[in-house]
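Asker: Before I ask anything, here is the structure I am working with.
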Amino acid sequence: MTLPQCDTPPTPQRTAGLRERYRIERERRVRPEGPGQYRSASAEFGYFAADPYTGAVPEREPLHDAVDVAVVGGGFGGILAGAHLRRQGAGVRVVEKGGDFGGTWYWNRYPGIHCDIESHVYLPMLDETGYVPEWKYAPGEEIRCHAVRIAEQFGLYEDALFSTAVTSLTWDETAQQWVVATDRGDEFRATYVITATGTLTEPKLPGIPGIEEYRGHTFHTSRWDYDYTGGSPEGGMTGLAGKRVGVVGTGATGVQVVPMLAEDAGHLYVFQRTPSSVDVRGQRRMTPQEAGADRRGWAAERRENFLRIVSGEHAERDLVADRWTESAALLEKLLPGFRRDGEPDFEVAYEAADHATMTAIRDRVAAEVSDPATAAALQPWYRYACKRPTFSDRYLPAFNRDDVTLVDTADSHGIERMTARGVVVGGVEYELDCLVFATGFSVGVSGITSGKLPVTGRDGVRLLDVRAQHGPRTLHGFTSNGFPNLIQMGSLQNASSVNFTHVLDEQAVHAAALVAAAEEHCAVVEPTREAEDAWIGICAQGAPDHEWFHAECTPGYYNREGRGRPNGPLAYPHGAVAFHDLLRRWRAENIIEVLQARASASV
Ligand code: NDP
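Each residue of the sequence shown is one higher than the one before, starting from 743 at the first, in this note's numbering.
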């Protein structure tokens, strides 16, 4: 790991003082309930999760047929798996809760939405589709349309089921098929099932006392109510003219939405508990030549270069050259394999680099926000990447407007309570016509990890029971003993990266290769218990060293609201680049090890 130089290395006294400040700021925000402080957008709050983008869902007859591959989820994971499978001639049926493809980008359409990872590395399959984004950071609608573009190009619409949720997956040993049941009465069969159900999919609400009493208009950012606000993701929300609007939450979503609401609301109240680190954005148009898009294979090369840099690997050049890559050394803390003391003087160098970066971010707030008290409240006091870093050139200046008020809720650990008229903080009631929740998503509750989608494998064994008893057991995160031909996408015992679409594309390639190998050898895909044990052992390496960072961080979903990481190995510890290399070698040399003979009845 090469840490950036720091001009003013902190003295031991300054470092101790800074750590103490971080500890105090963390304590101001930790809540004893941890993740239990939130409520899910279900039951009486179910309307917060309803689909505002697709009108009445047309009736259709339930399906009782058979397909080669069922893919659960139509976000980028499912789309990429479907695309790679279609390339090798498999029949694919994608089942998706939303009314179209897009996943995150279907649901999140709030004003100002962009992806803060460079468009040329974030948008997958640019080489295959020939599409070249115009802006360095793509608007959400462009990303959603690209998802649709890939789905169209690879024929995924033909057999897709939208506005449909898979409700159970059950292995039929005799037929050697999965039975896929849905909430639309379908009960069809699939030789293979790929789950691509995402991680941050279920909107969550703060469990603020009195939240149910509020009588003004309210919605979650991931279900934007344009019928009420008017306008589009580009702004123009005429419905908010003269209205008192509140927004709860200043994470990556809040930072993007606040400048847009500031433009259009009569008065905007931003209810903040923890300020984000808001770094330089640098949005601009880029020519195809500048992105290198005049060469074959340019997109794969560029995103590999980005992945290498943000994973702490060596790269000759930094092609993307933005604040992600410039802060890459500090992102390594997010890797399970990150070690506190692997090199001489490491800790001093690390503290110095972190100090320099966070000082620059705090100084930027002071330079951009004219009211000193507001600026002080907007300064983040924690280590870089304790919370997801954000990037904006419009967020901080929004607080210089007379019609924008920052309401700091840290001393009351968040909003105190809600009334029929509005929000109470520090004993003051803020009357609001509309309250927008930019309060994020529940983690680890979607798909097969949640119980909402029960998976029953061979001999009636339930996947959730196995996990409850033995913890997650997989080979490479994809496959589990007792659950033949079930391929799981996601970061569990797999890899993760800030550029998650790249990880998903590698996963999709792998999933398609597993299916191809099983078809070629007339087998099922299923690891042995020994292979799972070996993989769990590899994932466990380095995990204990990683947790000090999260334990000292301000609360958020990265550290289970201040409780540190969940026990047990979660991801491959040595980063996505090493993981992808490992998978490539394994596919070339050992893929046959994950194949088992099909039960004789079906052969
Ligand atoms: P987050 O979970 O990151 O933020 C939720 C916000 O709600 C926090 O500011 C939180 O404060 C606040 N909050 C929660 N409860 C209360 C309360 N009781 N009172 C006051 N404030 C409260 O959600 P986001 O939607 O912002 O982001 C989720 C993820 O989505 C990101 O981490 C990122 O992975 C992704 N994303 C990516 C983007 C991109 O450009 N690539 C853009 C937007 C999102 P506190 O911090 O104190 O808990």
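Think of the CB as a built atom: it goes at the ideal place given N, C-alpha and C, for glycine as much as any other residue.
#1: Any idea what DSSP makes of residue 719, helix, strand or coil?
#2: Where does residue 1031 land, buried or exposed, given buried means 16+ other C-beta within 10 angstroms?
#3: Quick one: does the C-beta of residue 1025 sit closer than 7 Å to a heavy atom of ligand 1?
#4: For a test of your reading of the model: does the CB of residue 887 fall under 7 Å from any non-hydrogen atom of ligand 1? Yes or no.
#5: Could you check if residue 1299 belongs to the surroundings of ligand 1, using beta carbon to heavy atom distance under 7 Å?
#6: Taking DSSP as the reference, what is the three-state secondary structure of residue 1231?
#7: Would you say the beta carbon of residue 774 is closer than 7 Å to some non-hydrogen atom of ligand 1?
#8: When you compare the stretch 1156-1163 with the stretch 973-980, are there three or more beta-carbon pairs, one atom per stretch, that lie closer than 8 Å?
#9: Taking one C-beta from the stretch 862-882 and one from the stretch 1003-1017 each time, how about it: are there three or more such pairs within less than 8 Å?
#10: Using 8 Å as the threshold, is the C-beta distance between residue 878 and residue 1025 below it?
#11: Have a look at residue 1231 and residue 1291 and give me their C-alpha separation to the nearest angstrom.
#12: Using only the alpha-carbon positions, how far apart do residue 1293 and residue 1209 sit?
#13: Along the chain, which unbroken stretches of the alpha helix (DSSP H) at least 4 residues long are found entirely within the stretch 858-890?
#14: Going by C-alpha distance, which of 1044, 765, 776 and 1262 is nearest residue 1156?
#15: Using only alpha-carbon positions, find the residue among 907, 1299, 1266 and 996 that is nearest to residue 853.
#16: If you count every other CB in all the chains shown that lies within 10 Å of the CB of residue 744, and 16 or more means buried, which is it?
#17: Closest to residue 797 by C-alpha separation, out of 1282, 969 and 902, would be which residue?
#18: Do three or more CB pairs link the stretch 1040-1058 to the stretch 1166-1176 at distances below 8 Å?
#19: How far does the alpha helix (DSSP H) with residue 1329 in it reach, from first residue to last?
#20: Would you check if the distance between the CB atom of residue 958 and the CB atom of residue 1177 is smaller than 8 Å?
#21: Consider the C-beta atom of residue 783 and the heavy atoms of ligand 1; say whether any pair is separated by less than 7 Å.
#22: Just verifying my parser: in three-state terms, what is the DSSP assignment at residue 804?
#23: Around the C-beta of residue 761, are 16 or more other C-beta atoms found within 10 angstroms, so that it is buried, or is it exposed?
#24: Relative to the C-alpha of residue 1182, which residue among 953, 830, 939 and 781 is closest?
#25: Opposite residue 1164 in the DSSP bridges: which residues?
#26: Is residue 995 a contact residue of ligand 1, with contact defined as CB to any heavy atom under 7 Å?
#27: Going by alpha carbons, who is nearest to residue 869 out of 1040, 1132, 810 and 819?
#28: Between residue 906 and residue 924, how many whole angstroms is the CB-CB distance? I'm expecting something under 8 Å.
#29: My understanding is that residue 790 touches residue 965, with C-beta atoms under 8 Å, so please give their C-beta distance in whole angstroms.
#30: Can you tell me whether DSSP reads residue 1134 as helix, strand or coil?
#31: Consult DSSP for residue 1338 and reduce its assignment to one of helix, strand or coil.
#32: Residue 1238 and residue 1132 - do their beta-carbons sit closer together than 8 Å?
#33: Going by DSSP in three states, residue 856 sits in which element: helix, strand or coil?
#34: Count Cβ pairs between the stretch 837-850 and the stretch 1213-1231 that sit closer than 8 Å; are there 3 or more?
#35: By the 10 Å Cβ neighbour count, where 16 or more other Cβ atoms means buried, how is residue 1249 classified, buried or exposed?
#36: Using a 10 Å radius around the Cβ and a threshold of 16 neighbouring Cβ atoms, would you call residue 813 buried or exposed?
Answerer: Taking the coordinates as given:
#1: Nothing can be reported for residue 719, as the shown portion of the chain is limited to 743 through 1345.
#2: Counting C-beta atoms within 10 angstroms of its own C-beta, residue 1031 has fewer than 16 neighbours from the protein chains shown and is therefore classed as exposed.
#3: No - ligand 1 has no heavy atom lying nearer than 7 Å to the Cβ of residue 1025.
#4: It does not: the Cβ of residue 887 is nowhere closer than 7 Å to a heavy atom of ligand 1.
#5: Yes, the beta carbon of residue 1299 sits closer than 7 Å to at least one heavy atom of ligand 1.
#6: Three-state DSSP puts residue 1231 in coil, outside helix and strand.
#7: No, since every heavy atom of ligand 1 falls outside the 7 Å radius drawn around the Cβ of residue 774.
#8: Cβ pair count under 8 Å is below three, so no.
#9: As far as the Cβ criterion goes, the stretch 862-882 does not touch the stretch 1003-1017, which means the pair count is below three.
#10: For residue 878 and residue 1025, yes; Cβs fall inside 8 Å.
#11: Those two C-alpha atoms are separated by around 27 Å.
#12: If you draw a straight line from the Cα of residue 1293 to the Cα of residue 1209, it comes to about 25 Å.
#13: Runs found: 861-864 and 868-871.
#14: The candidate whose alpha carbon is nearest that of residue 1156 is 776.
#15: Scanning 907, 1299, 1266 and 996 for the CA closest to the CA of residue 853 turns up 996.
#16: Summary for residue 744: the model assigns pLDDT 49, below 50, so the residue's position carries little reliability; its value from the coordinates is reported in the next sentence. Residue burial is scored here from C-beta neighbours: residue 744 has fewer than 16 other C-beta atoms within 10 angstroms and is therefore classed as exposed.
#17: Among 1282, 969 and 902, the Cα nearest to that of residue 797 is on 969.
#18: With a cut-off of 8 Å, the stretch 1166-1176 and the stretch 1040-1058 do not count as touching, because too few Cβ pairs lie within range.
#19: In this chain, the alpha helix (DSSP H) harbouring residue 1329 covers 1317-1331.
#20: Contact flag set, yes.
#21: Relative to the non-hydrogen atoms of ligand 1, the Cβ of residue 783 never comes closer than 7 Å to any of them.
#22: Under the three-state reduction of DSSP output, residue 804 falls in the coil class, being neither helix nor strand.
#23: The Cβ neighbour count for residue 761, taken over all protein chains shown within 10 Å, is under 16; the residue is labelled exposed.
#24: Residue 781 is the option with its Cα nearest to residue 1182.
#25: Listed as beta-bridge partners of residue 1164 by DSSP are 1173.
#26: Residue 995: yes, Cβ under 7 Å from ligand 1.
#27: Minimum Cα distance to residue 869 is reached at 1040.
#28: About 5 Å separates the beta carbons of residue 906 and residue 924, which is inside the 8 Å limit, making them a contact pair.
#29: For a cut-off of 8 Å, the C-beta gap from residue 790 to residue 965 is around 7 Å, short enough to register as a contact.
#30: DSSP places residue 1134 in coil when its eight states are reduced to three.
#31: Here residue 1338 sits in strand by DSSP.
#32: No. Outside cutoff.
#33: Residue state for residue 856 is assigned as strand, using DSSP reduced to three classes.
#34: The stretch 837-850 vs the stretch 1213-1231: no contact.
#35: Residue 1249 should be labelled buried.
#36: Counting the other CB atoms within 10 Å of its CB gives residue 813 a total of 16 or more, which places it among the buried residues.
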